[in-house]
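Taking it in order: structure first as structure tokens, then the write-up.
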Amino acid sequence: MSRYFVSLLLATSLLPTCQARSLFTFERMQLTKEYVQSLPAEDAKLFAFANTFEAAANKSRCRYFPGDGKWPSDKGWAKLAKQLTSTDTLIQTTPQASVCYPGANQNDAKCQQLTASWSDSNTHVSDPTEILSPIYTGLTCQPPSIYNSGNCTLGGYPSYVINVKNVLDIQVAINFARNDGVRLVVKNTGHDFSGKSTGAGALSIWTHNLKDIQYFDSYVDESGYRGPAFKAGAGVQTSELYKAANDHGVVVVGGEGQTVGIMGGYIQGGGHSPLSSIYGMAADHVLGVEMVAPTGEFLTLNSTSNTDLFYAVRGGGGSTFGVVTSVTVKAFKDMPVSAASWSLDSTKVGGKDRFWLAVRAWVDRFNDNADNGIYNYFQIMANGTGLTFNMESYFAPNKTTTDVNNLVRPYLNKLTSLNIPFSPKITSYKGFYPAWQSEFPLEPSSDVQTAVGSRLFPRSNFASEIGRNLTFGVLKDAVEAGGSLIAFNLAPTLARGGNPDNAVNPAWRTAVLHAIVGCRWDVKASAADIMSVRRALTNTTLEKWRGVTPGSGAYVNEADRLEPNWQSSFWGDKYAKLLGIKQNWDPKDVLWAVNAVGSEGWVVESVDGLPNENGRLCRQTEKKATHKDPCPTSSYQKFAPPSMERYHSNPYVDHVCRPGAHSRQNLSSRVKTACGV
Numbered sequence: 064m065s066r067y068f069v070s071l072l073l074a075t076s077l078l079p080t081c082q083a084r085s086l087f088t089f090e091r092m093q094l095t096k097e098y099v100q101s102l103p104a105e106d107a108k109l110f111a112f113a114n115t116f117e118a119a120a121n122k123s124r125c126r127y128f129p130g131d132g133k134w135p136s137d138k139g140w141a142k143l144a145k146q147l148t149s150t151d152t153l154i155q156t157t158p159q160a161s162v163c164y165p166g167a168n169q170n171d172a173k174c175q176q177l178t179a180s181w182s183d184s185n186t187h188v189s190d191p192t193e194i195l196s197p198i199y200t201g202l203t204c205q206p207p208s209i210y211n212s213g214n215c216t217l218g219g220y221p222s223y224v225i226n227v228k229n230v231l232d233i234q235v236a237i238n239f240a241r242n243d244g245v246r247l248v249v250k251n252t253g254h255d256f257s258g259k260s261t262g263a264g265a266l267s268i269w270t271h272n273l274k275d276i277q278y279f280d281s282y283v284d285e286s287g288y289r290g291p292a293f294k295a296g297a298g299v300q301t302s303e304l305y306k307a308a309n310d311h312g313v314v315v316v317g318g319e320g321q322t323v324g325i326m327g328g329y330i331q332g333g334g335h336s337p338l339s340s341i342y343g344m345a346a347d348h349v350l351g352v353e354m355v356a357p358t359g360e361f362l363t364l365n366s367t368s369n370t371d372l373f374y375a376v377r378g379g380g381g382s383t384f385g386v387v388t389s390v391t392v393k394a395f396k397d398m399p400v401s402a403a404s405w406s407l408d409s410t411k412v413g414g415k416d417r418f419w420l421a422v423r424a425w426v427d428r429f430n431d432n433a434d435n436g437i438y439n440y441f442q443i444m445a446n447g448t449g450l451t452f453n454m455e456s457y458f459a460p461n462k463t464t465t466d467v468n469n470l471v472r473p474y475l476n477k478l479t480s481l482n483i484p485f486s487p488k489i490t491s492y493k494g495f496y497p498a499w500q501s502e503f504p505l506e507p508s509s510d511v512q513t514a515v516g517s518r519l520f521p522r523s524n525f526a527s528e529i530g531r532n533l534t535f536g537v538l539k540d541a542v543e544a545g546g547s548l549i550a551f552n553l554a555p556t557l558a559r560g561g562n563p564d565n566a567v568n569p570a571w572r573t574a575v576l577h578a579i580v581g582c583r584w585d586v587k588a589s590a591a592d593i594m595s596v597r598r599a600l601t602n603t604t605l606e607k608w609r610g611v612t613p614g615s616g617a618y619v620n621e622a623d624r625l626e627p628n629w630q631s632s633f634w635g636d637k638y639a640k641l642l643g644i645k646q647n648w649d650p651k652d653v654l655w656a657v658n659a660v661g662s663e664g665w666v667v668e669s670v671d672g673l674p675n676e677n678g679r680l681c682r683q684t685e686k687k688a689t690h691k692d693p694c695p696t697s698s699y700q701k702f703a704p705p706s707m708e709r710y711h712s713n714p715y716v717d718h719v720c721r722p723g724a725h726s727r728q729n730l731s732s733r734v735k736t737a738c739g740v
């Protein structure tokens, strides 16, 4: 009996009209219950769909780990390999940097080549196990000139990877992991800032090579939408989908980064876009999703089918509700773009005080920029003995160079009054794709000595002088404490997204600033010193940001792994609904990721005392519980955070709110330790 079902629906590269959802060829290859039932009893138990057999993991405190008596034997892994599309689909992990250390793989020439390309995000995206925030692997196998661990071990890398070729591979992986008590992780490109795409002792589902793209000139959807649309496989990246859209004279709402997997954690996590100030969030324009659920079932999600999951996967977070195989999204008519860029250096504008006056003047422009559909991406950081403010791109869709000049002129006038030279470079483009290619260069992977956190700052913070002053103050404090600021000025309101009902963090809908701060430690720092920096980032720098943004939140894909009260920060009042959906579809926690919906019951027991994936995944020994916000009324007055019922289940973070913690005087006295060892 065949182990898979082949759908009779046809898929083509271009269909003028679509009235019934079609599947890609790789989605028509599916595992069937009939085939599983035909296997010998022992094998049928391994690969059964949910509810047929009790999962072994339910009887163990931890997911089974290499060396455990119940860890799958070589014979067990061979059985898994046999049920996959081909015997080479299952990969036993070998870290790339093993070529740099003593052992069978050592190769000095390859090590030099790898080291030279290590900061290139493509080096990590195209590998089955590498991630772009390597600190969460435990740094057990990096090129020695970057971080010398002495030898190469797996650390937080998964033990095995399935290089997914079709739906069947995903179903087999999920059923095997669930029934055999093995930890399961999902990697597409590995961009998540908290290391969700890896895990020690795990079986990893790698969806990166699901690259099919299909364009519909006139798509007819169950929701009533009629217009252009794309269906794209989970592995399709920003650059690939943008090029396909350009070829058809349209645009899609996608990421800023070139290598981001649009249909993976980006859409599922509610990612932002250079088009967000016109069209809202990418998740707002999802028409349908194909997905393998934690039960092993292959499902179609849309406005009429599996509506609970359809709600959840549009912003509720990746690696949580299932493994997405493809997503169908709206497309829009292409548009011209104008963009500006500039740089200010404190050593060239008359010192740091004058530099900060220039930055403060830019804060005055945030709401106007957002109201005019602008997406601007800028950085403020130390540069030798000075500071730099780099406007990477003042990205203005549907604007002419004259429009951009007029929008920037108030800022120019202010700098002129301060005797600060200002000469922005303004460029016009005929379409979105060439503008995006030029304005947003390839971003590097993170280094091995940096942690980041973020916050969404609402429009109300910039509506008054006191609000702008307070907000500017905490941003400035972060940089002066040694942090690097990366920020996006945008406005993905509900109205701009078409008033969708999805799981996107409600804090995005009032935000006009998404700010990220990165803090560093010495590469040779001890675990205690690293945690000192990390706790200061969480409890001081980011606590100040939370203090001026009560009721707001943070973007889950680009957040502090130690974010306190993360349920509220990442999903606000939507968390309870999402938790119910998670518990309904995945009561056995087959899919788990740090700070994901429903993750409170488990923790990675790190072997080095640091928050990473280098350790067993085990059940929490303490019962999860809600607690009152320990912060009293803040001296920030109208910016004071209200008392809330919140979860708190992070073993690495103290309660960040203490009496007086939000007072300006108290925060100022603590800021010097925010980002330094």
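Mapping of the sequence shown onto my numbering: residues 64 to 740, in sequence order. Built from N, CA and C at the ideal position, the CB exists for glycine as well.
Which partner residues does residue i have in the DSSP bridge list?
i      : result
HIS577 : LEU519 and PHE551
TYR127 : VAL245
GLY351 : THR391
ARG679 : GLU668
So the alpha helix (DSSP H) residue i belongs to, where does it begin and stop?
i      : result
ASP237 : In the sequence on display, residue 237 carries Ile and not Asp. ILE237 -> alpha helix (DSSP H) spans 230–243.
GLY139 : 137–146
PHE110 : 104–110
LEU605 : 605–610
TYR98  : 96–101
ASP592 : 590–599
THR383 : Where THR383 is concerned, there is no enclosing alpha helix (DSSP H), given that its DSSP letter is neither H nor E.
GLU502 : 495–502
LEU538 : 528–543
What did DSSP end up calling residue i once you bin it into helix, strand or coil?
i      : result
THR358 : coil
THR367 : coil
GLU455 : strand
ARG423 : helix
ASP466 : helix
ALA113 : coil
GLY290 : strand
SER486 : coil
CYS215 : coil
MET398 : coil
TRP655 : coil
GLN205 : coil
ALA223 : The question names Ala, but residue 223 in the sequence shown is Tyr. TYR223 falls in the strand class under three-state DSSP.
ILE644 : helix
ARG583 : strand
SER404 : strand
MET169 : Reading off the sequence, residue 169 comes out as Gln, not Met. DSSP places GLN169 in coil when its eight states are reduced to three.
On the premise that residue j lies in contact with residue i, defined as a C-beta separation below 8 Å, what is that separation, rounded to the nearest angstrom?
i      : j      : result
VAL230 : GLU90  : 5 Å
LEU576 : ALA550 : 6 Å
ILE593 : LEU673 : 6 Å
PRO337 : PHE429 : About 17 Å; that fails the 8 Å criterion.
PRO158 : THR192 : 7 Å
LYS259 : ALA659 : 7 Å
LYS637 : ALA566 : 6 Å
PHE452 : LEU420 : So it is not a contact: roughly 11 Å between Cβ atoms.
GLU502 : ALA402 : 5 Å
Is residue i buried or exposed, if buried means 16 or more other CB atoms sit within 10 Å of its CB?
i      : result
PRO504 : exposed
ALA424 : buried
GLU676 : buried
GLU455 : buried
ILE194 : buried
LYS122 : exposed
ASN114 : exposed
GLY219 : buried
ARG472 : exposed
GLN155 : exposed
LYS294 : buried
ILE268 : buried
GLY287 : exposed
Does the CB of residue i have a neighbour CB from chain B at under 9 Å?
i      : result
PHE373 : Included in the structure is just one protein chain, with no chain B present.
Taking the beta strand (DSSP E) that residue i falls in, what are its first and last residues?
i      : result
SER281 : 276–283
TYR438 : 438–446
ILE268 : 265–269
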